[in-house]
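Asks: The numbering of the sequence shown is our numbering, which starts it at 43 and goes up by one.
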Amino acid sequence: MTSVAPDPAGRSTGTASGAAADGPTDRRRSAAASRRRAREREILEATRQLFDERGVRDAQIEDVARAVGINRAIVYRHFTGKEELFALTLVGYLDELREALAGGAATEGTAAVRLEAVVSAFIDYGMAYPAFVDCAQTLMRRTGTELLDEISESALLRLGRGISGCLAVLSGVLENGVRSGEFTVADPILLSNTLYASGLGALQLARVGILVKEAAPGIPTVSSISTEQVRAYMVTSALALATTR
């Protein structure tokens, strides 16, 4: 149906009533989408706060819902489950980590100096936010098939971008070192992935602060290890691997 109204010059203009209805409808949809995004941010912020305060293991969906002031069922309207919620919370950590690594990569000096700065930034961030380590290790224990079953494709894409963004900083330092002739690593991307995975394990060792060894056959003993010792080991390992074909 078309309504007819004169324009200022006295001519008649036709306006489809369906088109007029699209304006309010689009605005309602936009407002609903905006509210949904805001609620998702609230849930993720509450999850992050619980992670930092209590750790990953003690953070429950009920606690997240209570912190936001909603029913737990509403959490599941926005996320497919606990795994997806944790994965997207990890993305927040990864975004911060990428900035920290980029700061290290911007250090003036040789490629070795920049690599040391990036590794140190990784250690510093992991020690400052132990929940990042727990969350990252929890997800790394899942197979790709399991993640696809438990996390939506859009969330998995965001997680992949978060991880690849951090790895790109590290691999960029390695690739620049290869171009300058300081490094001889054949596959900087493989090495950056390896350093990320092994770095998470090293951070766990630094948090525990205990070394286990055999004092005599069949007799174990323990000694302490500091964060600085772990940092030195990680830097030495990274530099050695960067100069190995």
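A virtual CB, placed ideally from N, CA and C, is assigned to each residue, including glycine.
Computed from a prediction, not measured in an experiment: that's the story for all the values here.
May I have the straight-line CA-CA distance separating Asp191 from Leu201, to the nearest angstrom?
Replies: If you take the alpha carbons of Asp191 and Leu201, they lie about 15 Å apart.
Asks: Going by beta-carbon coordinates alone, are Tyr167 and Leu139 separated by less than 7 Å?
Replies: It is a contact, given that the beta carbons lie within the stated cut-off.
Asks: How far does the alpha helix (DSSP H) with Pro230 in it reach, from first residue to last?
Replies: Counting along the chain, the alpha helix (DSSP H) containing Pro230 begins and ends at 230 to 250.
Asks: Between the Cα of Val160 and the Cα atoms of Gly146, Ala173, Ala154, Gly151, which residue gives the shortest distance?
Replies: Looking at the Cα atoms, Gly146 is the closest of the given residues.
Asks: Which stretch, first to last residue, makes up the alpha helix (DSSP H) that contains Thr269?
Replies: Segment 269 to 284, the alpha helix (DSSP H) holding Thr269.
Asks: At a cut of 8 Å, does the region 216 to 226 reach the region 240 to 255 through at least three beta carbon pairs?
Replies: No: fewer than three Cβ pairs fall under 8 Å.
Asks: So for Val227, helix, strand or coil by DSSP?
Replies: Three-state result, Val227: coil.
Asks: Using three-state DSSP, classify Glu150 as helix, strand or coil.
Replies: Coil at Glu150, not helix or strand.
Asks: So, are the CB atoms of Thr131 and Thr89 less than 7 Å apart?
Replies: Cβ distance < 7 Å, so Thr131 and Thr89 count as in contact.
Asks: Among the residues of its own chain, which have a CB less than 8 Å from the CB of Val220, if the five just before and after it don't count?
Replies: Only Thr226, Val227, Pro230 meet the Cβ criterion.
Asks: What distance in whole Å lies between the Cβ atoms of Met169 and Asp248, which are believed to be in contact at a cut-off of 8 Å?
Replies: Residue identity check: residue 248 is Ala in the sequence provided, not Asp. Right, their Cβ atoms sit about 6 Å apart.
Asks: Quick check on the burial criterion: 16 or more other C-beta atoms within 10 angstroms. Buried or exposed for Gly204?
Replies: Counting Cβ neighbours within 10 Å, Gly204 comes out buried, since at least 16 surround it.
Asks: Helix or strand or just coil, what does DSSP make of Pro262?
Replies: Pro262 falls in the strand class under three-state DSSP.
Asks: Determine the DSSP secondary structure at Val98, reduced to helix, strand or coil.
Replies: DSSP places Val98 in coil when its eight states are reduced to three.
Asks: Might you give, ordered along the chain, the residues of its own chain that have their beta carbon closer than 8 Å to the beta carbon of Tyr275, omitting 5 neighbours on each side?
Replies: Answer for Tyr275: Ala244, listed in chain order.
Asks: So, are the CB atoms of Leu136 and Ala163 less than 7 Å apart?
Replies: No; because the gap between Cβ atoms is not below 7 Å, this pair is not in contact.
Asks: Given a cut-off of 7 Å on the beta-carbon distance, is the pair Ser234 and Leu209 in contact?
Replies: Cβ distance < 7 Å, so Ser234 and Leu209 count as in contact.
Asks: To the nearest angstrom, how far is it from the Cα of Arg171 to the Cα of Asp68?
Replies: Arg is not the amino acid found at residue 171; the sequence shown has Tyr there. C-alpha separation (whole angstroms): 41 Å.
Asks: Count the other CB atoms, across all protein chains shown, that sit within 10 Å of the CB of Asp100; report buried if there are 16 or more and exposed otherwise.
Replies: Classification of Asp100: exposed, given that the 10 Å Cβ count is below 16.
Asks: Would you tell me roughly how many angstroms separate the C-alpha atoms of Gly123 and Ile116, rounded to the nearest one?
Replies: Rounded to the nearest angstrom, the two C-alpha atoms are 11 Å apart.
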